[in-house]
Amino acid sequence: MLKLGKFEFKNKTELKEKCKTILYKYQKNSELKGNDLLLLKEVLSLHENYELKTKGLSYTIYVRPCPINPKNNQFYVVREDGSDTDFSYVKAISSNTTKSSRIKKILRDSINLQTIIYKEKYFKENAVNGYVICEETGLKIKKNESHLDHYPTQFDEIVKMWVDANSVKSEDIDIYYLGDNTTCWKMENQELLQKFIKLHEEVATYRVVLNKVNLQRSKSAKFEF
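If you're matching positions, the sequence shown starts at 2 in the numbering used here and goes up one per residue.
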């Protein structure tokens with residue numbers, strides 16, 4: 002049983018479904034009311050960036066169109082000073098983020114261009130009628146059905162190489178949040194980040210696999226530092 006204030010749910014899945022129902026039962030640009038507002042405030046309190054989202058001010062919660070895809074709704078906080086920021090109820094409910102995992106997210110984002118270039122080149126050289134063969138299942142897959150998997154050296158192993166080579170720990174690395182209505186963190190030491198980008202370019206190898214297989218695969222223990 003999952004308890005949030007006066008609310009009870011069987012599990013996180015049921016809580017997420019309830020939040021989704023609330024998200025789409027309101028007209029866009031409407032303020033949450035009653036128990037809906039109370040529940041979403043409880044959910045927001047779980048968010049890893051709760052203090053940054055609220056800034057210690059009183060606030061209410063609204064629904065508005067997502068700026069990336071206006072067909073979708075998003076929750077957002079309006080603080081007493083009139084400032085606002087969006088938040089993800091899914092991220093809040095699933096929140097267990099450590100500083101180490103935030104740093105790894107920065108590292109992943111830093112090598113996006115490398116992976117995009119590799120994938121484009123792979124499909125250009127290997128696709129037949131728009132399909133390539135999944136290197137795990139043997140099925141034919143399109144680009145939009147594919148994931149790029151670090152293999153055989155996993156991403157966390159490359160992170161460990163970088164950590165060991167530079168003798169760093171997460172507490173030694175300064176990161177900062179980029180501000181309202183973003184999900185991004187940035188590393189203060191850009192020279193250290195560039196060392197990771199260079200290392201990754203030198204040692205990373207990949208395979209192209211079916212996205213569903215990659216998402217459903219049992220995850221190995223994550224490297225924390």
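For glycine and all other residues, C-beta sits at the position ideal for the given N, C-alpha and C.
Buried is the label assigned to D37, since at least 16 other Cβ atoms lie within 10 Å of its Cβ. Around the CB of I159, 16 or more other CB atoms lie within 10 Å, so the residue is classed as buried. Between L24 and N74, the C-beta spacing is below 8 angstroms. As computed with DSSP, R103 is found in no beta bridge at all. Within the same chain, R80, E81 come within 8 angstroms of S59 by CB-CB distance, once the 5 residues on both sides are set aside. When secondary structure is reduced to three states using DSSP, K141 falls in the strand class. Counted as a single uninterrupted DSSP element, the beta strand (DSSP E) harbouring L149 occupies residues 147-151.
Counting only the Cα atoms, H201 lies some 11 angstroms from H151. In the three-state scheme derived from DSSP, where H, G and I count as helix and E and B as strand, T55 is classed as helix.
Sequence-distant Cβ neighbours of S96 in its own chain, meaning closer than 7 angstroms and more than five residues away, are L47, H48, E49. In this structure I198 is in contact with S111, their Cβ atoms being roughly 5 angstroms apart against a cut-off of 8 angstroms.
Taking C-alpha positions only, L16 is separated from F8 by approximately 10 angstroms. Y51 and Y63 do not touch by the CB rule: their CB atoms are close to 17 angstroms apart, not below 8 angstroms. Taken in chain order, the complete alpha helix (DSSP H) segments of 4 or more residues contained in the segment 179-203 number zero; there are none.
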